[in-house]
Each structure stands twice: as C-alpha cells, then as structure tokens.
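Novice: Quick note, the sequences are listed as chains A and B, same order. Heads up: the first sequence begins at 1 in my numbering, then just goes up one per residue. Heads up: the second sequence begins at 453 in my numbering, then just goes up one per residue.
There are 2 protein chains.
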Amino acid sequence: MRLIPRPALRRPFYGEFIVKPVKVGICGLGTVGGGTFNVLKRNAEEIARRAGRGIEVAQIAMRTPNPNCQITGTPTTTDVFDVASNPEIDIVIELIGGYTIARELVLKAIENGKHVVTANKALIAVHGNEIFAKAREKGVIVAFEAAVAGGIPVIKAIREGLSANRINWVAGIINGTGNFILTEMREKGRTFPDVLAEAQALGYAEADPTFDVEGIDAAHKLTILASIAFGIPLQFDKAYTEGITRLTTADVNYAEALGYRIKHLGVARSTPSGIELRVHPTLIPADRLIANVNGVMNAVMVNGDAAGSTLFYGAGAGMEPTASSVVADLVDVVRALTTDPENRVPHLAFQPDSLSAHPILPIDACESAYYLRIQAKDHPGVLAQVASILSERGINIESIMQKEVEEHDGLVPMILLTHRVVEKRMNDAIEALEALEDVAGPVVRIRVEHLN
Amino acid sequence: MRLIPRPALRRPFYGEFIVKPVKVGICGLGTVGGGTFNVLKRNAEEIARRAGRGIEVAQIAMRTPNPNCQITGTPTTTDVFDVASNPEIDIVIELIGGYTIARELVLKAIENGKHVVTANKALIAVHGNEIFAKAREKGVIVAFEAAVAGGIPVIKAIREGLSANRINWVAGIINGTGNFILTEMREKGRTFPDVLAEAQALGYAEADPTFDVEGIDAAHKLTILASIAFGIPLQFDKAYTEGITRLTTADVNYAEALGYRIKHLGVARSTPSGIELRVHPTLIPADRLIANVNGVMNAVMVNGDAAGSTLFYGAGAGMEPTASSVVADLVDVVRALTTDPENRVPHLAFQPDSLSAHPILPIDACESAYYLRIQAKDHPGVLAQVASILSERGINIESIMQKEVEEHDGLVPMILLTHRVVEKRMNDAIEALEALEDVAGPVVRIRVEHLN
Numbered sequence: 001m002r003l004i005p006r007p008a009l010r011r012p013f014y015g016e017f018i019v020k021p022v023k024v025g026i027c028g029l030g031t032v033g034g035g036t037f038n039v040l041k042r043n044a045e046e047i048a049r050r051a052g053r054g055i056e057v058a059q060i061a062m063r064t065p066n067p068n069c070q071i072t073g074t075p076t077t078t079d080v081f082d083v084a085s086n087p088e089i090d091i092v093i094e095l096i097g098g099y100t101i102a103r104e105l106v107l108k109a110i111e112n113g114k115h116v117v118t119a120n121k122a123l124i125a126v127h128g129n130e131i132f133a134k135a136r137e138k139g140v141i142v143a144f145e146a147a148v149a150g151g152i153p154v155i156k157a158i159r160e161g162l163s164a165n166r167i168n169w170v171a172g173i174i175n176g177t178g179n180f181i182l183t184e185m186r187e188k189g190r191t192f193p194d195v196l197a198e199a200q201a202l203g204y205a206e207a208d209p210t211f212d213v214e215g216i217d218a219a220h221k222l223t224i225l226a227s228i229a230f231g232i233p234l235q236f237d238k239a240y241t242e243g244i245t246r247l248t249t250a251d252v253n254y255a256e257a258l259g260y261r262i263k264h265l266g267v268a269r270s271t272p273s274g275i276e277l278r279v280h281p282t283l284i285p286a287d288r289l290i291a292n293v294n295g296v297m298n299a300v301m302v303n304g305d306a307a308g309s310t311l312f313y314g315a316g317a318g319m320e321p322t323a324s325s326v327v328a329d330l331v332d333v334v335r336a337l338t339t340d341p342e343n344r345v346p347h348l349a350f351q352p353d354s355l356s357a358h359p360i361l362p363i364d365a366c367e368s369a370y371y372l373r374i375q376a377k378d379h380p381g382v383l384a385q386v387a388s389i390l391s392e393r394g395i396n397i398e399s400i401m402q403k404e405v406e407e408h409d410g411l412v413p414m415i416l417l418t419h420r421v422v423e424k425r426m427n428d429a430i431e432a433l434e435a436l437e438d439v440a441g442p443v444v445r446i447r448v449e450h451l452n
Numbered sequence: 453m454r455l456i457p458r459p460a461l462r463r464p465f466y467g468e469f470i471v472k473p474v475k476v477g478i479c480g481l482g483t484v485g486g487g488t489f490n491v492l493k494r495n496a497e498e499i500a501r502r503a504g505r506g507i508e509v510a511q512i513a514m515r516t517p518n519p520n521c522q523i524t525g526t527p528t529t530t531d532v533f534d535v536a537s538n539p540e541i542d543i544v545i546e547l548i549g550g551y552t553i554a555r556e557l558v559l560k561a562i563e564n565g566k567h568v569v570t571a572n573k574a575l576i577a578v579h580g581n582e583i584f585a586k587a588r589e590k591g592v593i594v595a596f597e598a599a600v601a602g603g604i605p606v607i608k609a610i611r612e613g614l615s616a617n618r619i620n621w622v623a624g625i626i627n628g629t630g631n632f633i634l635t636e637m638r639e640k641g642r643t644f645p646d647v648l649a650e651a652q653a654l655g656y657a658e659a660d661p662t663f664d665v666e667g668i669d670a671a672h673k674l675t676i677l678a679s680i681a682f683g684i685p686l687q688f689d690k691a692y693t694e695g696i697t698r699l700t701t702a703d704v705n706y707a708e709a710l711g712y713r714i715k716h717l718g719v720a721r722s723t724p725s726g727i728e729l730r731v732h733p734t735l736i737p738a739d740r741l742i743a744n745v746n747g748v749m750n751a752v753m754v755n756g757d758a759a760g761s762t763l764f765y766g767a768g769a770g771m772e773p774t775a776s777s778v779v780a781d782l783v784d785v786v787r788a789l790t791t792d793p794e795n796r797v798p799h800l801a802f803q804p805d806s807l808s809a810h811p812i813l814p815i816d817a818c819e820s821a822y823y824l825r826i827q828a829k830d831h832p833g834v835l836a837q838v839a840s841i842l843s844e845r846g847i848n849i850e851s852i853m854q855k856e857v858e859e860h861d862g863l864v865p866m867i868l869l870t871h872r873v874v875e876k877r878m879n880d881a882i883e884a885l886e887a888l889e890d891v892a893g894p895v896v897r898i899r900v901e902h903l904n
C-alpha cells in the first residue's frame with residue numbers, strides 16, 4: 001500500500017482531539033433549530049458513542065426563546081453573524097431560512113473557515129453553486145441532508161449509497177402539505193380549498209401556501225436531487241412547476257376508477273437529449289408503493305441501472321425528523337475533520353470539475369403518458385373525432401372511459417389514458433380537441449408516470 | 453480551527469494519487485462477482501466522476517468463467533489467496549460465500565493490510581466481531597453494505613443517515629425468496645410447498661431452501677442490523693428463528709379478513725430489559741407500507757426517536773442490485789484511503805470501545821401481540837373458557853372472529869387477536885387452551901406487529 005498511514009503525524013493529533021468536543025453554533029432556534037438543540041442534548045451520549053467525540057452547542061443565535069428548549073449555560077446572541085465569526089466554533093448550523101441573510105451568513109461562515117450544516121432547500125437550490133464553489137476554495141463542507149425530505153437520509157442514499165449507478169430517474173413526493181391535501185381529497189372526497197383551510201389551521205401549511213401548493217418547495221428539493229443524481233449544476237430556474245390548486249375531486253375519482261392515484265410528484269429523468277426536471281400532479285398506478293404514501297409523509301424513488309428501483313420513505317418535515325438529518329450531517333462533518341478536503345464526498349455527488357453540461361429540457365420536450373378529461377356532447381361521432389386527432393399526432397390511446405350517467409348540459413366526460421408522447425405533441429392535440437364543436441371548455445390534462 | 457489541514461504533507465500526496473486508479477481484486481465470479489465486474493466496467497466513467505479516481509479490477513479469482521462477463525486483459529487465478537497476497541491490490545472483494553474459506557481469506561487480506569468489501573452476511577453475522585477486531589488492529593476497513601438487503605443502502609442509512617437517533621426498533625422483509633412465497637400464497641391462494649417448488653424452478657430458492665424458508669438467512673441479516681442500530685456486538689447465536697414452512701393458506705386468508713398481511717419479518721427491538729432479536733411470520737396491518745412489499749422485493753423499517761419511522765425499499769438480491777452495494781462500498785473505501793483510521797465510520801456504527809452489553813432477550817421474554825387460531829367444538833361454553841384462560845393470564849383480547857360456516861368434524865375455527873403480552877404468558881395460555889376438552893389439536897399462534 002502506497003497510501004497512508006502517516007502515523008507519526010496522526011496519532012498525537014488524534015489523541016488531543018478525542019477529548020475535545022466539536023463546537024457547533026446554531027443559527028435560528030425555530031422549529032428545526034429547537035429540534036436540533038433538543039436532539040443533541042437528549043442523545044448526547046448515543047451520538048458521542050457513534051462519532052467518537054462529543055458535539056457541544058457553543059453558541060445559539062435567536063431572536064426569541066423557543067419554549068420547547070431548556071437552554072442553560074449556552075451563550076446566546078441575537079446576531080447570527082456573531083456565530084459565523086466566533087473563533088471557538090467549528091461548524092455553523094444555518095436554520096434561519098430564506099435566501100438573503102442565510103446566504104450572507106453561510107458565505108461568511110465559509111470565509112471564516114467554518115463547516116456549514118443547513119436545512120435550507122431554497123438557499124441550496126438557488127445559491128448552491130456559488131456556495132459550493134466558495135466552500136471548495138476554503139476546503140470546508142456544506143452539508144444539506146435536511147434540505148430534502150426531512151428525516152429521510154436520501155441525499156446520502158443517492159450521493160453515496162447508489163454511487164455505482166447511472167441514475168435513470170428520481171421521482172418523489174417531497175412536499176408533505178401537498179400530499180396531505182391530496183390524501184384527504186381522495187380518502188374523504190373533500191375539495192382542495194376545504195382541505196387547504198384545514199391544513200393551515202393544523203399548521204401544516206403556511207398562511208401563504210404558495211410555496212407548498214404551487215410546487216415551488218418541491219421544485220427546490222427536486223433541483224437538488226437532480227444535481228446529485230445526474231452530476232449537473234443546480235438549475236432551479238429551469239424547473240417546470242405546476243401546482244395542485246386546480247385539481248378536482250372528479251379527476252381524483254376518475255383516476256381511482258382507472259386504478260391510479262394522483263400525487264404531486266417531482267420527476268427528474270435523464271434522457272439522451274437532456275434532463276427532465278418537473279413538478280406536477282401525476283397519476284401513478286395504485287399498486288406502486290409510492291402511490292400508497294399518504295398524509296404528510298414523503299418518499300423518494302430512485303431508479304439506477306444497477307440497483308433498479310429503490311424507495312426511501314419517512315417524515316418529510318417536522319421538528320425532530322429534520323433535526324435528525326441536521327445532526328447526522330454534524331456527525332459526518334466531525335468524521336470529515338480529519339480527511340483530505342480533496343477526497344471527501346463531493347457536494348453535488350460528482351467531482352466539481354466533472355459536472356455535466358447536459359441541458360435541462362423545457363417542459364414541451366419532456367415525455368410522459370397522459371390522462372385527459374374531455375367534456376363532450378353525447379353524440380356518436382365525437383369519439384371518432386377525438387381518436388383521429390390523437391392518431392394524426394402519433395398519440396396512442398391506452399384506454400377510454402365514458403361516464404354516460406354523469407351527463408349534464410348534454411355533456412358527458414370522456415376520460416382517456418394515452419401512451420407516452422412528447423408534451424409538444426400533446427399540446428398540439430389538446431388545442432385541436434378544444435377547437436372541436438362538440439367539445440366544451442378546456443380539456444383537463446394530467447401527466448401519468450408508471451414508475452416501473 | 454485547531455484541526456487539520458496539513459497541507460505540506462497532503463497536497464503532493466493527493467496529486468500523486470488522483471492519477472492512479474485504486475486496484476481491486478474480485479474473489480468469486482459468480483452472480484454477485486460477475487455483476488460487480490460488469491458494473492465497474494460499464495459505469496467506469498460515472499464512478500470515477502464520483503470517486504475522483506478510477507477503480508481498476510487488477511485480478512480475479514474464479515473457479516470457472518462467468519458467461520455474463522467479458523474479461524479481457526485482467527489477470528485471473530483459481531486461488532483466492534493469490535488476491536489477498538497480491539501487493540498491487542488495495543481492496544479485496546470477497547464474494548465466494550460460506551464461512552470457512554471466506555473467513556480465512558478475509559483475515560489474510562486484513563493481515564496483509566488490504567481493505568475488504570464483502571456481500572457475505574453469514575460471515576459477518578457469525579465471525580464479524582473477530583474480523584472487525586482484526587481490521588481495527590490493522591487500520592483497514594471491512595465494508596458490508598451488500599450483506600443486507602442487496603441494492604438498498606440500508607447499512608449506510610442506519611449507520612450514518614440516522615446517527616442522531618436512539619433507534620427503537622428495526623423491522624425488515626429481508627429474504628426475497630420467503631417474501632415471494634408469501635406473496636404468491638396470498639395473491640393466488642397457493643400452498644407453501646407448491647410455491648416453493650416454483651421458486652426453486654425459477655432459481656429464487658436454492659435446492660436446499662432451509663436458509664431462506666427457515667429464516668436463517670434473515671436472522672444473519674437481522675443480527676447485523678441490530679448491531680449497527682443498537683451498538684451491540686454481533687450475536688447471531690442468540691437470534692430466535694422461526695420459518696414459514698408451517699403457514700397455511702387458511703391463516704393467510706383469515707389474516708386478510710382481519711385487515712392484516714402475513715410477512716416473514718425480522719424484528720429487533722430495544723427494551724429496558726434487553727434486546728429482542730427474532731425472525732418469524734408476522735401479521736402486519738395491511739395499510740402499512742411494508743405490508744405492501746411484494747414478490748422478491750425487500751424493505752427495512754427503522755424507528756428512531758428523532759426521525760420517527762423510515763422505510764428503505766428495493767431489490768434484496770440479484771446480480772446487479774447486490775453489485776450496486778459492493779461498488780458503493782468500494783467508492784466509500786476509496787474516499788476513506790486518506791482518512792485517519794481512528795476517525796472513520798465504525799464497523800458496527802458505534803465506537804468499538806463503547807459497544808453495549810445490553811443482553812439479547814430469549815424469545816419467551818419478548819413481547820408482541822398475537823393471532824391465535826383455535827379449532828374448537830361448536831358449543832356455546834367454549835368462548836367463555838377461552839376468554840377466561842386468557843384473562844387469568846392478563847392477556848387482553850382485541851377481536852374475535854368465528855367462522856361458523858367452515859365447520860367440519862364438528863369443529864369451528866375461532867380466530868383471536870390479542871393485545872401485546874410477554875411471550876411466556878402466551879405460551880402458558882396456549883398450553884391451557886390445548887388442554888381444554890373442547891379444543892382439538894394444536895393452537896396456531898402467529899405474532900402480530902403494528903409497526904406504528
């Protein structure tokens with residue numbers, strides 16, 4: 001072996017180091033910050049038995065006290081930048097959220113040679129490339145397991161556990177609020193606005209639910225997953241995002257009758273012409289495990305050329321599940337303190353110099369199967385017209401369901417499932433369908449993924 | 453920062469080392485060995501983009517060629533010990549299986565300062581303590597992700613991804629053959645011997661299926677999962693193992709009618725008095741995700757005090773899924789080549805000096821809920837007698853189902869679900885039930901886990 005060990009240098013160094021705990025600073029003592037403080041305190045012994053070294057909270061930056069945390073003896077400050085410049089602190093934990101101050105804080109901490117652990121998906125998805133470049137320059141780690149799917153160690157699974165694979169696709173239920181709403185709509189036949197109001201009352205959804213129900217939060221997470229799966233830079237601005245606000249219980253029920261469930265899915269797929277990066281309501285066959293992920297739970301499926309399909313399931317948010325990932329990152333960083341910065345797990349899974357320039361595809365170049373609901377006059381020629389429009393565009397119909405009984409205004413809904421086709425063609429077909437005299441109103445179109 | 457870096461020593465060292473691929477030797481070119489060779493070859497570029505360094509197969513030990521592998525230019529040998537003593541080789545991949553030669557091979561490789569990657573669950577479960585002690589002494593890594601649940605990175609998830617947690621329990625479907633048999637019994641009403649014969653014909657089950665259907669293979673894997681979850685030494689000899697050979701379609705159907713599925717589950721649970729370590733057929737509520745894991749697929753649920761319940765699902769065996777984990781271990785070892793041996797992820801997740809002596813409980817001290825099927829004479833006093841026997845032993849009945857229609861020989865099956873109780877009491881109750889004059893034959897008892 002020509003590599004390592006370097007015993008003369010290493011041993012005394014390590015001897016000094018096992019007795020001293022690693023010092024961390026928590027910035028933000030809200031839900032996740034409070035959970036992180038509590039987990040570090042409650043499981044201190046268990047964590048030290050694993051890490052070989054204690055983890056000590058040396059400073060906390062917070063605006064207001066968290067009633068769930070008993071802080072005794074830990075210095076506090078109201079200025080997060082105090083933590084970033086505290087010479088005692090080895091690792092800065094950024095849990096304040098948002099883009100602006102969080103970005104400044106993380107860059108300052110890196111500048112000062114601190115490692116950083118963050119749960120901030122928006123920050124990583126939007127400013128990650130800049131942050132990782134800076135971290136590389138300074139030889140420090142920015143860890144972000146908690147940024148995607150809360151307590152599920154899915155970043156680690158993709159970045160390390162599946163490192164043998166050429167990843168074909170990733171598909172995830174990565175927003176708990178959205179999944180709670182869809183689960184209630186399906187199980188109880190409730191409408192979207194009704195369930196949203198309850199989710200807000202329960203504290204699952206923010207007062208401004210846009211990030212959750214419009215898919216922006218999911219797109220942040222999907223952007224991160226796609227980067228580590230395919231070895232591409234973070235490109236949040238190229239993600240296609242469609243929310244669940246227009247979903248009706250009618251479509252939820254038709255999907256059910258056809259053997260599908262509707263989930264708000266983030267899909268990232270590698271194709272020869274580019275990478276699909278899209279968040280939208282999606283029909284999934286009901287017998288797939290991921291179709292049975294209900295309530296606020298999250299799950300991410302990853303399909304690799306060697307491992308096949310794997311699925312990672314758990315709580316996607318919440319005080320302690322997210323803290324679980326923050327603390328796991330801390331333990332990883334503690335272990336990495338003695339490593340060669342050039343030989344660590346790369347931030348985006350692939351060596352920064354070997355990231356791929358494979359483009360993100362616009363949505364009309366993406367391919368999927370489709371569910372279409374067409375409100376049409378109940379007369380015998382309509383089906384022929386519809387079939388002909390689709391067939392002229394090379395779109396194959398998998399099945400048709402006509403609900404004769406639900407007629408009103410002389411209209412009956414015609415439900416179609418198609419085979420896979422590029423979206424551009426489907427847009428064109430829908431335009432032609434809507435122009436038919438016997439078709440009323442817009443055609444409802446929901447993408448279908450079989451996730452085989 | 454008082455830790456690292458040591459630039460003067462590090463940089464030139466790394467510079468030398470990025471250009472040279474790491475050299476590995478594959479011992480055994482059967483299913484997993486062949487898959488490993490093929491994945492390393494096919495995904496060489498992708499793997500090097502991640503690892504920052506190529507991985508070169510420098511030698512292969514095999515008895516007979518594998519028709520699935522195109523070996524050109526790689527030196528081969530028929531003696532695995534050639535690989536263990538090859539000075540060119542950094543990492544030895546043990547894929548020969550079995551206990552005896554595999555143990556000698558691994559110990560010899562460690563002795564020679566090689567890192568080891570293995571997929572051998574029996575070896576790790578039975579000889580792991582000895583192997584890890586030796587590896588520690590020599591400062592090398594023995595990686596074994598592929599030993600449990602094939603392509604699912606569950607060792608990494610528990611050992612690293614959930615390191616913040618006090619793990620409460622682990623429950624897994626960790627034998628694909630057994631799960632295939634149970635799935636067929638449930639979905640098609642087939643009998644155990646019938647499905648077993650098919651599984652053997654399909655190549656899922658060995659000619660001697662004992663390891664699979666008697667739960668020994670699952671117990672090997674569970675032993676490993678329990679060690680890394682709870683920080684205890686490997687204690688395969690203390691695992692309780694009960695197979696699926698006596699399961700009848702009648703019980704599968706009754707379970708179904710009660711809203712449960714029967715799975716061959718490995719359960720490891722930490723309790724104040726000790727650790728439960730048991731493999732047996734188990735009723736699981738049908739709406740749990742893990743109850744819906746079908747066919748040859750595997751899944752492991754882990755319940756931690758911070759993360760709550762997480763689930764990891766995927767292919768539990770097969771050429772390339774298992775190879776996926778072998779190669780992921782190789783990438784991890786490549787990264788660890790520049791680390792301090794004392795500051796790596798410990799083999800059993802916890803620092804070797806801090807393993808716990810918490811005992812493994814004998815099965816009669818384990819606690820679970822129960823499904824009982826009692827063949828009783830169809831007369832009104834029987835239920836009162838049964839209820840009284842259970843109640844005298846503090847066993848609470850959750851529900852009773854009597855199948856009046858299925859009477860034969862004047863007997864009707866009485867199905868009971870109980871609340872949780874320690875097994876000793878249940879044994880005592882069953883003895884008393886079987887002594888009743890109106891009860892015929894043995895009472896069927898299957899454990900129930902709710903996995904909340």
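Just so it is clear, CB atoms sit at the ideal spot from N, CA and C, and this is done for glycine as well.
When burial is assigned at 16 or more other CB atoms within 10 Å of the CB, is B/Ile-852 buried or exposed?
Specialist: exposed
Novice: Which stretch, first to last residue, makes up the alpha helix (DSSP H) that contains A/Ile-275?
Specialist: Going by DSSP, A/Ile-275 is part of no alpha helix (DSSP H) but of the beta strand (DSSP E) stretching over 274–285.
Novice: Which residues in the same chain have their Cβ closer than 6 Å to the Cβ of A/Glu-214, if we skip the five residues on either side of it in sequence?
Specialist: Gly-243
Novice: Let me confirm a value: A/Ser-270 is counted as buried when at least 16 other C-beta atoms fall within 10 Å, else exposed. Which label applies?
Specialist: By the C-beta density criterion, A/Ser-270 is buried, having at least 16 other C-beta atoms within 10 angstroms.
Novice: Flag this pair as touching only if the segment 584–602 of chain B and the segment 137–149 of chain A have three or more C-beta atom pairs under 8 Å; answer yes or no.
Specialist: Here the segment 584–602 of chain B makes no contact with the segment 137–149 of chain A; the two share fewer than three CB pairs at distances below 8 Å.
Novice: Quick one: which residues of the segment 614–629 of chain B get their C-beta closer than 8 Å to a C-beta of chain A? List them in chain order.
Specialist: Leu-614, Ser-615, Ala-616, Asn-617 and Arg-618
Novice: Check whether the segment 564–571 of chain B touches the segment 541–553 of chain B, taking contact to mean three or more Cβ pairs, one atom from each stretch, closer than 8 Å.
Specialist: yes
Novice: Using Cβ-Cβ distances below 7 Å, what residues of the segment 778–791 of chain B are close to chain A?
Specialist: Listed by position, the residues of the segment 778–791 of chain B near chain A (Cβ gap below 7 Å) are Val-779, Ala-780, Val-783, Asp-784, Arg-787, Leu-789, Thr-790 and Thr-791.
Novice: With a 10 Å radius around its C-beta and 16 neighbouring C-beta atoms as the bar for buried, classify B/Lys-608 as buried or exposed.
Specialist: buried
Novice: Taking DSSP as the reference, what is the three-state secondary structure of A/Gln-402?
Specialist: strand
Novice: Nearest-angstrom Cα distance between A/Val-252 and A/Arg-49?
Specialist: Using only the alpha carbons, I get a separation of about 49 Å.
Novice: Compile a chain-ordered list of the residues in the segment 668–688 of chain B whose CB is closer than 8 Å to at least one CB of chain A.
Specialist: Gly-683
Novice: Going by the beta-carbon positions, is the gap between A/Val-327 and A/Thr-72 smaller than 8 Å?
Specialist: The Cβ atoms of A/Val-327 and A/Thr-72 do not sit closer than 8 Å to each other.
Novice: Please compile the residues from chain A whose C-beta is within a distance smaller than 9 Å of the C-beta of B/Asn-744.
Specialist: Neighbours of B/Asn-744 on chain A, chain order: Asp-287, Leu-289 and Asn-292.
Novice: For B/Val-748 and B/Leu-677, which I take to be in contact (beta-carbon distance under 8 Å), what is that distance rounded to the nearest angstrom?
Specialist: Not quite, the Cβ-Cβ distance comes to about 19 Å (not below 8 Å), so this is no contact.
Novice: State yes or no: is the C-beta of B/Val-873 within less than 8 Å of the C-beta of B/Glu-819?
Specialist: yes
Novice: What does B/Thr-762 reach in chain A if we use C-beta pairs closer than 7 Å?
Specialist: Gly-151, Ile-152, Tyr-313 and Gly-314
Novice: Can you pull the DSSP bridge partners for B/Thr-791?
Specialist: Bridge partners of B/Thr-791: none, in fact.
Novice: By Cβ distance, which residues of its chain are closer than 7 Å to A/Gly-189, with the 5 residues on each side in sequence left out?
Specialist: Thr-249
Novice: If you follow the alpha helix (DSSP H) that B/Thr-483 is part of, which residue opens it and which one closes it?
Specialist: Counting along the chain, the alpha helix (DSSP H) containing B/Thr-483 begins and ends at 483–494.
Novice: Anyone know if the C-beta pair for B/Val-394 and B/Ile-499 falls short of 8 Å?
Specialist: Given a span of 453 to 904 for chain B in the structure shown, any question on residue 394 of chain B remains unanswerable.
Novice: Going by DSSP in three states, B/Glu-563 sits in which element: helix, strand or coil?
Specialist: helix
Novice: Just how far apart, CA to CA, sit A/Gly-231 and B/Asn-520?
Specialist: One C-alpha to the other measures close to 29 Å.
Novice: Using a C-beta to C-beta distance shorter than 7 Å, which residues of chain A count as neighbours of B/Phe-802?
Specialist: Arg-49 and Arg-50
Novice: Three-state secondary structure (DSSP) at A/Ala-369?
Specialist: A/Ala-369: strand per DSSP, three-state reduction.
Novice: I'd like the span of the beta strand (DSSP E) that includes A/Pro-264, first residue to last.
Specialist: One point to set straight first is that residue 264 of chain A is His, not Pro, in the sequence displayed. Segment 260–271, the beta strand (DSSP E) holding A/His-264.
Novice: Using the Cβ count rule (16 or more neighbours within 10 Å means buried), how would you classify B/Gly-893?
Specialist: exposed
Novice: First and last residue of the alpha helix (DSSP H) that includes A/Gln-385?
Specialist: Segment 381–392, the alpha helix (DSSP H) holding A/Gln-385.
Novice: For chain B, check one thing: does any of its Cβ atoms lie closer than 8 Å to the Cβ of A/Ala-307?
Specialist: yes
Novice: Which residues does DSSP pair with B/Pro-865 in a beta bridge?
Specialist: B/Gln-827
Novice: Just the chain A side, please: which residues come within less than 7 Å of B/Ser-806 by C-beta, in chain order?
Specialist: Arg-49
Novice: So, at 8 Å on beta carbons, what are the nonlocal neighbours of B/Arg-877 in its own chain, with the 5 sequence-adjacent residues on each side left out?
Specialist: Arg-845, Gly-846 and Ile-847
Novice: Would you say B/Glu-612 and B/Val-797 are within 8 Å of each other, going by their C-beta atoms?
Specialist: Going by C-beta atoms, B/Glu-612 is nearer than 8 Å to B/Val-797.
Novice: When you compare the CB positions of A/Ile-446 and A/Leu-283, do they come within less than 8 Å of one another, or not?
Specialist: yes
Novice: Rounding to the nearest angstrom, what Cα-Cα distance links A/Ala-149 and B/Asn-564 in this structure?
Specialist: 42 Å
Novice: Are the CB atoms of B/Leu-741 and A/Val-293 within a distance shorter than 8 Å?
Specialist: For the pair A/Val-293 and B/Leu-741, the CB atoms are nearer than the 8 Å cut-off.
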